[in-house]
Amino acid sequence: MCITIRINMIKLLGSGGPDLVKKYIYISIGLLVLVIVLSIILLSNNIEDEDEDTGDENLKPVIYLYPEKESDIIVKINYKGNLTCTYPKYNDSWKVHAEPNGKLINYEDGKEYSYLYWEGMCDLDCRLNKGFVVEGYKTAEFLQEKLSYMGLKPKEYNEFIVFWLPKMEQNKYNLIYFAKEEYGEIASLTINPKPDSIQRIHMVFKALNEYKCIDQQILEPFERHGFTVIEWGGTEID
7 MCITIRINMI KLLGSGGPDL VKKYIYISIG LLVLVIVLSI ILLSNNIEDE
57 DEDTGDENLK PVIYLYPEKE SDIIVKINYK GNLTCTYPKY NDSWKVHAEP
107 NGKLINYEDG KEYSYLYWEG MCDLDCRLNK GFVVEGYKTA EFLQEKLSYM
157 GLKPKEYNEF IVFWLPKMEQ NKYNLIYFAK EEYGEIASLT INPKPDSIQR
207 IHMVFKALNE YKCIDQQILE PFERHGFTVI EWGGTEID
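Numbering (the numbering used here), first residue to last: 7 to 244.
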């Protein structure tokens with residue numbers, strides 16, 4: 007570019023046009039400044055985008071409470087990320103009156119709820135080197151089987167499937183992994199009174215265009231006893 011400009015300037019000087027040379031220089035400098043400004047703007051936008059991407063989105067964890075008898079229960083989320091949505095509104099904790107059938111009355115607003123819901127953004131460290139590779143159209147059947155095995159009742163796993171199926175069944179394959187320790191490291195629950203049994207299911211999945219051979223994840227069955235807490239949610243990995 008510098009060589010071209012120099013050659014053009016020499017031609018202009020040779021033709022006796024100093025005014026044209028000045029104009030050419032001004033235009034060249036103006037274009038150079040414009041390129042620099044645009045580069046700075048694009049770089050700034052990229053930095054802002056990186057700052058906004060605070061991690062993976064942990065979608066729709068919902069918490070069911072099943073005490074043996076009507077009880078006042080306090081639930082606190084210990085989350086290493088940013089809560090993006092809660093329902094009912096979460097103010098440091100939820101305080102509810104719970105019945106054995108799962109019905110909840112929230113003390114904050116006096117309204118009835120079926121479960122406690124939250125979403126957030128946080129990095130979830132999952133390598134996905136084991137799990138299950140499932141054809142998209144078989145996702146519903148797969149989830150029914152595995153969620154039931156892990157202790158969810160039809161009402162609970164049906165609500166899970168209704169939420170996640172639209173995001174999964176159109177994919178050619180889904181790599182599915184149920185995070186246990188990894189999820190517990192970024193999101194734990196403090197519940198008072200302490201539950202007798204608790205099952206937290208967090209599905210991590212990634213859409214695949216072709217089949218991938220991985221080690222199958224070993225799942226453990228879950229039995230309810232006493233005051234039981236059930237939580238389910240998930241994260242989609244790009």
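Where a beta carbon is used, it is the ideal one built from N, C-alpha and C, also for glycine.
8 Å contact criterion, which residue i and residue j should meet: CB distance rounded
i: M127; j: N97; result: M127 to N97, Cβ: 19 Å. No contact.
i: I83; j: E237; result: I83 to E237, Cβ: 10 Å. No contact.
Exposure label - residue i; buried when at least 16 CB within 10 Å
i: N64; result: buried
i: D59; result: Below a pLDDT of 50, predicted positions are generally treated as unreliable, and D59, at 38, falls in that range; no measurement from the model is reported.
i: Q222; result: exposed
i: I35; result: exposed
i: T234; result: buried
i: L38; result: exposed
i: L158; result: buried
Cβ pair residue i, residue j closer than 7 Å
i: T145; j: E165; result: no
i: H103; j: D78; result: yes
i: Y85; j: A185; result: no
i: N215; j: K178; result: yes
i: K66; j: F148; result: no
i: W100; j: L134; result: no
i: E118; j: T90; result: no
Collapsed DSSP secondary structure at residue i in the structure displayed
i: S120; result: coil
i: P201; result: coil
i: K144; result: helix
i: I245; result: Past the edges of the chain, shown from 7 to 244, lies residue 245, and the structure says nothing about it.
i: Y113; result: coil
i: E165; result: helix
i: M284; result: Missing from the structure shown is residue 284; the chain here goes from 7 to 244 and no further.
i: Q150; result: helix
i: I220; result: coil
i: E105; result: coil
i: E187; result: helix
i: T234; result: strand
i: I192; result: helix
Beta-carbon proximity list for residue i, same chain, < 8 Å, skipping 5 on both sides
i: Y155; result: L225 and P227
i: E162; result: Y70, L153, I236 and W238
i: I217; result: According to the sequence displayed, residue 217 carries Tyr and not Ile. Answer for Y217: V139 and Y179, listed in chain order.
i: Y72; result: A104, P106, N107, G108, R230, F233, T234, V235 and I236
Own chain partners of residue i with C-beta closer than 7 Å, once the 5 adjacent residues on each side are dropped
i: I182; result: G137, F138, V140, M209 and F211
i: H231; result: D202 and S203
i: E188; result: L130, D131 and C132
i: T196; result: K82 and N84
Sequence-distant residues of its chain with Cβ nearer than 6 Å to residue i (five each side left out)
i: T241; result: D62, N64, L130 and V210
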